[in-house]
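To start, the structure under review is shown below, and the notes come after it.
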Amino acid sequence: MRTVDLSPLYRSFIGFDHLASMMDAAQRSSEKQPSYPPYNIEALAEDKYQITMAVAGFTEQELTLESENNTLTVKGEKQNKEDKTDRKFIHQGIAERNFERKFQLGDHVKVIGAELENGLLLIDLERKVPEALKPRKIEIGTGKLLESK
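Residue numbering for the sequence shown follows my numbering, starting at 5 and increasing by one per position.
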């Protein structure tokens with residue numbers, strides 16, 4: 005296991021105390037996660053992203069998406085496992101197993117929609133930074149804030 009010492013960053017970054025715990029959590033979760041189902045993460049624009057997951061054989065009712073505390077969880081649970089017992093496969097290359105995949109979302113990244121199309125689950129995400137957190141210009145000597153454009 006590889007560990008990263010972030011203490012030099014604390015000298016110049018203020019308020020990022022939670023960074024180490026986030027990186028540790030991401031490292032732990034990536035070590036545990038299986039490679040199924042395959043997925044892509046694509047940047048569509050500066051603040052728009054899309055996750056594409058290959059979920060062949062799953063219906064909309066068998067897929068669950070949940071977003072909580074900057075974590076997006078995608079679960080797939082096959083409903084009719086009894087039907088598989090009567091089937092005899094010569095080769096089974098399409099996995100029909102249950103899965104759970106978690107994605108760590110950055111601050112202010114929200115899921116704005118999802119759709120299932122041709123065996124691909126498309127999850128649209130967008131970063132919406134509140135106006136209060138956007139950069140502002142501070143005038144020297146007066147302490148007054150000016151809007152930055």
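Each residue gets a CB set at the ideal place from its N, CA and C atoms; glycine is no exception.
- Considering only Phe93, Leu109 and Asn44, the residue with the shortest C-alpha distance to valine 59 is Asn44.
- Under the rule that a run must span 3 or more residues, the beta strand (DSSP E) segments found entirely inside the segment 82-115 read 103-108.
- When the beta-carbon positions are compared, arginine 131 and valine 115 stay at least 8 Å from each other.
- Within the same chain, Ala99, Arg101 and Phe103 come within 8 Å of tyrosine 40 by CB-CB distance, once the 5 residues on both sides are set aside.
- Around the beta carbon of leucine 137, fewer than 16 other beta carbons sit within 10 angstroms, so the residue counts as exposed.
- Under a 10 Å Cβ-count criterion, glycine 80 is classified as buried, with 16 or more other Cβ atoms of the shown protein chains found around its own Cβ.
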